[in-house]
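Undergrad:
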Amino acid sequence: MTISSSVPDNHQAVQPRETTCYNSKYLAEYYDIYIGTWNDIQLYDKVLNNTIASQPAEAVTVLDIGTGTGRIIHALAASPKRAPVHFLGLDIEPRMLERAQQLSDRSTIRQNNIDWILGSADDLEALPVFQRGPFVDMLIFGCGGICHLHRPGQGERCFQQIAKVLKPKTGRAYISVARILSDGGEAELLALQPPFGANAVPSKEFPGIIYRETWPRHEVVDKMCYTTRHIVVSQVLTDGSERVVEHNLEAREARIWTEADMRTMAKAAGLQVVDIIAQRNEEALDERIYVLAIDA
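Take 34 as the starting number for the sequence shown in my numbering and just add one per residue.
(1) Residue 83 lies in the alpha helix (DSSP H); which residues open and close that run?
(2) Is the region 61-73 in contact with the region 183-193, if contact means three or more CB pairs nearer than 8 Å?
(3) Between which two residues does the alpha helix (DSSP H) harbouring residue 329 extend?
(4) Between residue 184 and the ligand FAD, is there a pair consisting of the residue's CB and a ligand heavy atom that are separated by less than 7 Å?
(5) Using the Cα positions of residue 80 and residue 49, report the straight-line distance between them to the nearest angstrom.
(6) Looking at C-beta atoms only, is the number of pairs between the region 267-285 and the region 160-172 that lie closer than 8 Å three or more?
(7) Assuming residue 229 is part of the alpha helix (DSSP H), what are its boundary residues?
(8) What does DSSP give as the partner residues of residue 174 in its beta bridges?
(9) Which of helix, strand or coil does DSSP assign to residue 52?
(10) Flag this pair as yes or no: are the beta carbons of residue 66 and residue 234 separated by less than 8 Å?
(11) Shortest alpha-carbon distance to residue 86 belongs to which of 115, 125, 111, 241?
(12) Nearest to residue 183 by CA position, among 286, 241, 205, is which residue?
(13) Report, in whole angstroms, the separation of the C-beta atoms of residue 103 and residue 122, which I expect to be a contact under 8 Å.
(14) Expressed to the nearest angstrom, what Euclidean distance is found between the alpha-carbon atoms of residue 245 and residue 134?
(15) Taking the straight line between their C-alpha atoms, what separation do you get for residue 54 and residue 90?
(16) Tell me which same chain residues have a C-beta within less than 6 Å of the C-beta of residue 228, skipping the five on either side of it?
(17) Measure the CB-CB distance between residue 98 and residue 154 and report whether it falls below 8 Å.
(18) Counting along the chain, where does the beta strand (DSSP E) carrying residue 264 start and finish?
(19) Can you give the Cα-Cα distance for residue 38 and residue 47, rounded to whole angstroms?
(20) Which value, in whole angstroms, describes the spacing of the CA atoms of residue 162 and residue 289?
(21) For the candidate residues 211, 96, 251, 247, whose alpha-carbon lies nearest to that of residue 317?
(22) Taking 8 Å as the threshold (beta carbon to beta carbon), is residue 272 in contact with chain B?
(23) Which class does residue 239 belong to by DSSP, given the choice of helix, strand or coil?
(24) Within the region 266-324, note down every full alpha helix (DSSP H) run reaching 4 residues or more, in order along the chain.
(25) Since residue 208 and residue 174 are thought to touch, with beta carbons under 8 Å apart, how far apart are those beta carbons, to the nearest angstrom?
(26) From residue 247 to residue 92, what distance separates their C-alpha atoms?
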């Protein structure tokens, strides 16, 4: 099979672009394909049911930090017999939120109780919706997303922001840490491969589009994992050849979060760890989900 590096419009070579690997319509869909292997929905569905049952006279608010394309919210909102819940989906990537809204538009879920919000996990109070005090009943930071908070002070600020929006006494935050990015996970982390290996992954939405991902760099230094993700988006032509549509390069930095880190930052922010849930994902990364509450 021959691979051409021209694009439909100008037949110029497609140059690699530095990206977050979330900021195009293709990358947003590719994210959906590989994140769909996580099977954490049953856990969050059970937690939400228990939250609703514990306060039947009050409306429940769920905040999903790092919502991506809204996978968790869409699943929870689709429950046919559930009382109305106000969902807030927060992400820093506009393309992800655009796709989240598109997926909502195509579904039959009630959309008047879902708000997609562009913003950062470490600066919630900058957003108007979070300036009315603590009102969140259930906060989710799923799929090990906290590993992306690797810059100095980001983790501390995130925990402080959680403490400001979470309801005292009854509110709970569920913070996922991938097991390989926590205590004792380094060997498995170093052995990690791209989600689909060297295989081409067909798009489910864009006819003839395929995705390939390789990692030119993947190493652990101190408490940081450095991975260069190279994601190539190609169009398969009628003669079987391929035309490259996007070359995407992301220099990803992921922080290793130990249990001691989680407990220390939670305590400093006025939170306490009330439980740690071991979540097994058959086709994805296993998690340790830290359950946080406002420290009494």
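The beta-carbon is built from N, C-alpha and C at its ideal position, and this holds for glycine as well.
Nothing here was measured: the structure is a model prediction, and the numbers come from that model.
TA: Taking the geometry as given:
(1) 74-87
(2) no
(3) Note, residue 329: premise wrong, no alpha helix (DSSP H); not H, not E.
(4) As presented, the structure is devoid of all ligands, the ligand FAD included, so that no description of it is given.
(5) About 43 Å.
(6) no
(7) Per DSSP, residue 229 lies in no alpha helix (DSSP H) segment and is marked neither H nor E.
(8) Residue 174 is bridged to 98, 208.
(9) coil
(10) yes
(11) 115
(12) 286
(13) Taking C-beta atoms under 8 Å as the contact rule, residue 103 and residue 122 qualify, at a distance of about 5 Å.
(14) 26 Å
(15) If you take the alpha carbons of residue 54 and residue 90, they lie about 42 Å apart.
(16) 67
(17) yes
(18) 257-269
(19) Any reading at residue 38 needs caution, since the residue's pLDDT is 34, under 50, leaving its predicted position unreliable; the model's value is listed next. About 6 Å.
(20) Approximately 31 Å, taken between the alpha carbons.
(21) 211
(22) Within the model displayed, chain B is absent; a lone protein chain is all it includes.
(23) Three-state DSSP puts residue 239 in coil, outside helix and strand.
(24) 292-301
(25) Correct: roughly 5 Å between the Cβ atoms.
(26) 45 Å
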